[in-house]
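Enquirer:
Residue numbers (this note's numbering): 65 to 969.
#1: Can you give the Cα-Cα distance for residue 502 and residue 749, rounded to whole angstroms?
#2: Under a three-way DSSP split, which group does residue 814 fall into?
#3: Given this structure, state the Cα-to-Cα distance separating residue 206 from residue 223, to the nearest angstrom.
#4: Quick one: grab the DSSP three-state call for residue 364.
#5: To which residues of the same chain is residue 691 closer than 6 Å at the C-beta, ignoring the five residues directly before and after it?
#6: Using DSSP with H/G/I as helix, E/B as strand and the rest coil, what is residue 770?
#7: Which whole runs of the beta strand (DSSP E) in the stretch 659-686 are 3 residues long or more, in chain order?
#8: Mapping the DSSP letters down to three states, classify residue 892 as helix, strand or coil.
#9: Please report the distance separating the alpha-carbon of residue 368 from that of residue 378.
#10: Pairs of beta-carbons, one from the stretch 827-836 and one from the stretch 858-877, closer than 8 Å: are there three or more?
#11: Could you check whether residue 789 and residue 744 sit closer than 8 Å to each other, using their CB atoms as the reference points?
#12: Using the C-alpha atoms, what's the distance from residue 505 back to residue 204?
#13: Under 8 Å by Cβ, that's how I've got residue 883 and residue 952 pegged, so tell me the actual separation to the nearest angstrom.
#14: I'd like to confirm the pairing. Which residues does DSSP put opposite residue 503 in its beta bridges?
#15: On a CA-only basis, which of 337, 336, 302 is nearest residue 320? Give me that one, please.
#16: Would residue 171 be called buried (16 or more neighbouring beta carbons within 10 Å of its own) or exposed?
#17: Look at the alpha carbon of residue 813 and the alpha carbon of residue 777, and state the distance between them as a whole number of angstroms.
#18: Give the list of continuous beta strand (DSSP E) stretches no shorter than 3 residues that lie fully inside the stretch 627-661.
#19: Between residue 96 and residue 945, what straight-line distance do the alpha-carbon atoms span, to the nearest angstrom?
#20: Please classify residue 565 as buried or exposed, where buried requires at least 16 neighbouring CB atoms within 10 angstroms.
#21: Between the stretch 169-189 and the stretch 249-266, do three or more beta carbon pairs fall short of 8 Å?
#22: Alpha helix (DSSP H) containing residue 951: first to last residue?
#23: Taking the Cβ atom as the reference point for each residue, do residue 577 and residue 567 lie within a distance shorter than 8 Å?
#24: Between residue 643 and chain C, is any beta-carbon pair separated by less than 8 Å?
#25: Under three-state DSSP, which class holds residue 217?
#26: Taking only the alpha-carbon atoms, compute the straight-line gap between residue 267 and residue 281 and give it to the nearest angstrom.
#27: Taking all protein chains shown into account, do 16 or more other C-beta atoms lie within 10 angstroms of the C-beta of residue 889, making it buried, or fewer, making it exposed?
#28: Use the C-beta contact count for residue 439: other C-beta atoms within 10 angstroms, 16 or more gives buried, fewer gives exposed.
#29: Drop a sphere of 10 angstroms on the beta-carbon of residue 447, count the other beta-carbons inside from all chains shown, and report buried for 16 or more, exposed for fewer.
#30: Okay, do the stretch 819-826 and the stretch 947-961 touch, 3+ Cβ pairs below 8 Å being the bar?
#31: With the cut-off set at 8 Å, would you say residue 643 and residue 671 are in Cβ contact?
#32: What separation, rounded to the nearest whole angstrom, lies between the Cα atoms of residue 260 and residue 109?
#33: Would you give the residue range spanned by the beta strand (DSSP E) that residue 370 belongs to?
#34: Just to confirm, is the Cβ distance from residue 896 to residue 929 under 8 Å?
#35: Assuming contact is defined by CB atoms lying nearer than 8 Å, are residue 647 and residue 596 in contact in what I supplied?
#36: Within a Cβ cutoff of 7 Å, which residues of the same chain sit near residue 909, ignoring the five residues on either side of it in sequence?
Here it is as C-alpha cells:
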C-alpha cells in the first residue's frame with residue numbers, strides 16, 4: 065500500500081489554475097480528460113459539508129465525487145461542482161443528502177455572514193436538482209447568529225443556533241415543503257455564555273466561556289418530542305476547553321494548554337481520555353487502518369501542516385503542506401474528509417477508504433435541471449470556458465496563471481480594550497480597486513468609515529476577524545484579514561501568546577504578519593512595564609529607581625515575547641523595541657515631569673520611555689538622552705492642554721527657567737480622534753510664527769505623532785496640499801505626494817506643480833529627509849565648499865551634515881545640484897529603518913537582489929541596503945526586472961519611497 069501511494073504520488077500531473085487538459089501518466093495508464101480544473105482553492109473558500117463559496121461573487125456551490133464507490137486504484141477522484149440557487153455569502157452550512165454520493169440534496173440550512181439563517185426543504189420525493197422551487201427561505205426574527213447545526217428525523221427537524229450574545233437556541237419544526245406556508249419553528253433556549261457548538265450522531269455539544277462542555281440529545285428537541293425535552297447536561301472531566309470536534313464515533317476536545325481529550329460520542333458517562341501524543345494538534349483525522357496495517361487510525365494535524373500519528377508519532381507522508389481540513393458526515397459509519405493544500409488543490413478520502421487522492425473537477429452546472437430554465441453559472445471565470453491551447457492528442461495545455469498583488473492589512477493583530485479604536489490600513493492596493501470591509505462578530509467590534517479611513521471599535525471582550533476584500537474589474541477578488549482581540553488589560557499578554565500560536569504555519573514568515581506580531585509584542589512589553597510615580601510638589605519625578613523597575617519588567621516581558629515567537633518559528637525582521645511607560649492621572653490640569661539625567665544614561669535595557677500626559681504622550685529616546693540633557697543634570701517638561709485642543713509644551717531647567725529648545729528631539733503624540741491622516745499636520749506656534757512640522761498617524765497609539773525640540777504650542781490642523789500634475793497618476797503616488805505635502809516634507813515648483821518625472825537633486829532630497837526626520841537645526845553650520853548662503857538649501861544641508869543623514873564627497877563638496885542615484889536613495893531609506901526601527905540587514909542578500917536581471921549594476925557597498933529596501937518594499941521590482949541602480953531617480957520615485965519609509969518609522 066505504501067509503495068503504491070508513493071508511486072501514485074509520483075505520477076506526473078500537469079495541473080493548472082484554469083479549466084484545461086489534464087494528463088495523468090503512470091506505468092500502465094495514460095488517461096487524458098478534457099476541461100479539467102484542479103486548483104479549486106484559488107476561486108473558492110472551502111466549507112464543511114462539501115460546500116464552496118465563490119471568492120468572486122459570493123455564490124454557493126456544492127460538489128460531489130462521481131464514479132462511486134471510490135477505488136484504491138483510481139489515479140484521482142473526479143468531481144462535479146453544482147451551484148445552489150438563490151444563496152450567497154454564507155458563513156456556515158449544513159446539508160442533508162439522501163444518498164452518500166451525488167447531488168441528492170434533500171434539505172439544507174445556511175448561516176449567512178450577516179447573521180441571518182436560511183433554509184430549504186425538498187418534497188419527500190424530490191431533491192434540489194429536481195424540485196420546481198429552489199429558493200431558500202429566511203427564518204424570520206432570527207438575527208445575530210454566529211454558528212449553527214441541524215438534526216433531521218423523518219418529517220421533523222431541529223436547528224441549533226449560537227447567537228452573538230452567547231445564548232444557544234433550538235428551533236424545531238416539521239420539515240417545510242415547497243407548498244403552502246412555512247412551518248413556524250418552536251424555539252427553546254438551552255444555554256448561555258457559550259462560545260462554540262457542534263453536533264454528531266444526534267448529540268449536540270457546547271463549549272462555554274468557562275471552558276466547560278455541555279451535551280444534549282437532539283431528538284428531544286424535535287417538535288414531536290417536546291414532552292421529553294431535557295436540559296443540556298454538563299459533562300464530567302472537561303475544563304479549560306477552547307474547542308470541540310464531535311465525531312461519528314470518537315469526539316475530541318482541545319484544551320487551552322494544548323492537550324487533546326477524546327471520548328465516545330454516544331457515551332457521556334465515562335471520563336475523557338488524554339491523548340498525550342496529540343498535544344498541540346489543530347484537528348484530528350481518521351483513516352481505516354484495517355485496509356492497510358501500515359496506516360494508523362488517528363492522526364493529529366499539527367502546526368507544521370503535516371499529519372502525525374498519535375500511535376507512533378510518525379508523519380503520514382502522502383499529505384503535506386496542508387492549509388485546512390474539512391469533513392462531511394453521512395451516516396454513523398461514514399465520514400468523508402477533504403483537505404485543501406497550500407497549492408490550492410483539494411484531496412479527499414473517506415474514513416472507510418484510506419486513500420487520499422487529488423480531486424479533479426470536470427464540469428460546472430446549476431442545481432436545477434429543467435430544460436430551458438438552467439441559469440448561467442455565476443461562479444465561473446468571466447462566464448466562458450478557457451479552451452486548451454492545444455488539442456493534439458497527448459499534449460497538455462499551457463497554464464494560464466492569473467495573478468494579482470497580495471493585499472495586506474495593517475495591523476495584523478489588534479488587541480483593544482472595550483471602547484478602544486483602531487484604524488485599518490491596506491497595503492498593495494491596485495489602482496481602481498474597491499474595498500469592502502466586514503467583521504465576523506459585530507457584537508465584539510463594529511466598523512465605521514471616518515474621513516475615508518476604516519476604523520474598528522471594540523465593544524466587548526472576545527475574539528473575531530476583520531476582513532477586507534478588494535474588487536477590481538478583470539481581476540479575482542483578493543481578501544485579507546486581521547485578528548481582533550478585545551481584552552481587559554490583565555489578559556493582554558496571555559491573549560498575545562495565544563494569538564501567536566494561532567497563526568497558520570504558512571503565514572509565519574509573511575512580512576506584514578511578522579511586523580504585525582512584532583508591533584503587538586511591543587504593546588505587550590509596554591503594558592507590562594507601566595509604572596505610576598508619586599507626585600512630589602506637583603511634579604512626576606522620574607528617578608533612577610523608577611526607571612530601573614520599568615526597564616526590568618520590560619526586559620522580562622521582552623524575553624517571554626521573544627521566546628514565544630521563537631517557539632512558533634517566527635523569525636523577526638528587526639529587534640523588538642522596548643518602550644516603558646509612565647502613567648499619570650487623566651484628570652490632571654497640566655502635567656510636569658522632572659527628568660533626572662542619571663535615570664537615563666548608559667541604559668542598554670530599554671529603547672524609549674513614554675510619559676502619559678492625559679490624552680497626549682511624550683516619548684524619550686534613551687539613545688539620544690546625552691544630547692537631550694547636554695549640560696543639564698535635570699530637565700523639566702511641562703505639558704498643558706488648552707480648551708481649544710492645543711497643547712503648550714515647556715522645556716525648563718531645574719530652576720524653572722524656560723529653555724527655548726533642547727539639543728535632541730522628543731516625540732509628541734497628540735490625540736487625533738481618527739483625524740484625516742493624509743491631510744492633517746502637527747503645527748507649531750510660538751506666538752510669532754506658525755508652521756507645519758509634519759506628523760504621521762500611528763494606529764496603535766490612535767494619535768498623530770511628531771518630533772519636537774522647542775518650547776511652544778502644538779496642535780493639529782488641516783494642511784491639504786494638491787498638485788495638478790499628479791492627479792492622473794496612480795493612487796499611491798497621489799497619496800504619497802499629498803501626504804508628504806501636507807506635512808511640509810515635499811514642496812512643489814513655482815508653478816504649483818510637483819513635477820514627478822523631473823530628476824531629483826541631492827539638495828531637494830536632503831531637504832525632504834531633514835523635514836521627514838525632524839532634523840532641521842537653524843543653528844547648524846555646514847563645511848562644504850559649494851554650499852553657501854543665501855542658497856535655499858543651506859540650512860537643510862547643514863542640518864543633514866550635523867545629523868549625518870546625507871554625506872558629502874571626499875573632496876569637500878556636496879554637489880547640491882547633482883542628481884541622486886537609485887542605490888543611494890535606497891541606501892538612505894534602508895539605513896533609516898536600521899537605525900530608527902532596529903531592522904536587520906538581510907544576510908541572504910542574493911535572495912532579494914537576484915530578482916533583478918541587472919543586479920550587477922548594484923555596487924558592492926549598496927547590496928545590504930538595497931536588499932533591505934526590497935524586503936521592506938521601499939522600492940518595487942520593475943516590470944522589466946531591471947533596477948538600474950546607478951541611474952538618477954525622479955521626484956516621484958523619491959516621494960513614493962519616502963512615503964513608504966515614513967509609514968514604517
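Yeah, the Cβ is synthetic: ideal placement off N, Cα and C, and Gly gets one too.
Expert: Judging by the given coordinates:
#1: For residue 502 and residue 749, the gap between their C-alpha atoms comes out near 42 Å.
#2: In the structure shown, residue 814 sits in coil (DSSP, three-state: anything other than H, G, I, E or B).
#3: Using only the alpha carbons, I get a separation of about 12 Å.
#4: Three-state DSSP puts residue 364 in a strand.
#5: Result list for residue 691: 727, 728, in chain order.
#6: Three-state DSSP puts residue 770 in a strand.
#7: Taking only runs of at least 3 residues, the beta strand (DSSP E) segments lying wholly in the stretch 659-686 are 672-677, 680-685.
#8: Helix.
#9: If I take the Cα positions, the gap works out to 13 Å.
#10: Here the stretch 827-836 lies against the stretch 858-877, with 3 or more beta-carbon pairs under 8 Å apart.
#11: Not closer than 8 Å, so no.
#12: Going from the Cα of residue 204 to the Cα of residue 505 covers about 20 Å.
#13: Their Cβ separation, rounded to whole angstroms, is 4 Å, which keeps residue 883 and residue 952 in contact under 8 Å.
#14: Per DSSP, 530.
#15: Ranked by Cα distance from residue 320, the options 337, 336, 302 are led by 302.
#16: When all chains shown are included, residue 171 counts as buried.
#17: Cα to Cα, the separation comes out at about 30 Å.
#18: You should have 643-646, 655-660.
#19: Because the pLDDT of residue 96 is 29, which lies under 50, any placement of that residue in the model is unreliable, and the question is left without a value.
#20: Residue 565 should be labelled exposed.
#21: These segments do not touch.
#22: From DSSP, residue 951 is part of no alpha helix (DSSP H); its letter is neither H nor E.
#23: Contact flag set, yes.
#24: Of the chains in the structure shown, none is chain C; there is only one protein chain.
#25: If DSSP states are grouped into helix, strand and coil, residue 217 belongs with the strands.
#26: Near 5 Å, if we compare the C-alpha coordinates of residue 281 and residue 267.
#27: Here residue 889 is buried, its C-beta having at least 16 other C-beta atoms within 10 Å.
#28: Only weak support is given to the placement of residue 439: the predicted model assigns it a pLDDT of 34, under 50, and the question is left unresolved by the model.
#29: Summary for residue 447: the model assigns pLDDT 34, below 50, so the residue's position carries little reliability; its value from the coordinates is reported in the next sentence. Label assigned to residue 447: exposed.
#30: With a cut-off of 8 Å on Cβ pairs, the stretch 819-826 is in contact with the stretch 947-961, counting three or more such pairs.
#31: Cβ distance < 8 Å, so residue 643 and residue 671 count as in contact.
#32: Distance from the CA of residue 260 to the CA of residue 109, rounded to the nearest whole angstrom, comes to 21 Å.
#33: From DSSP, residue 370 is part of no beta strand (DSSP E); its letter is neither H nor E.
#34: With respect to the 8 Å criterion, residue 896 and residue 929 are not classified as neighbours on the basis of their beta carbons.
#35: Residue 647 places its beta carbon less than 8 Å from that of residue 596.
#36: Hits under 7 Å: 927, 928, 931.
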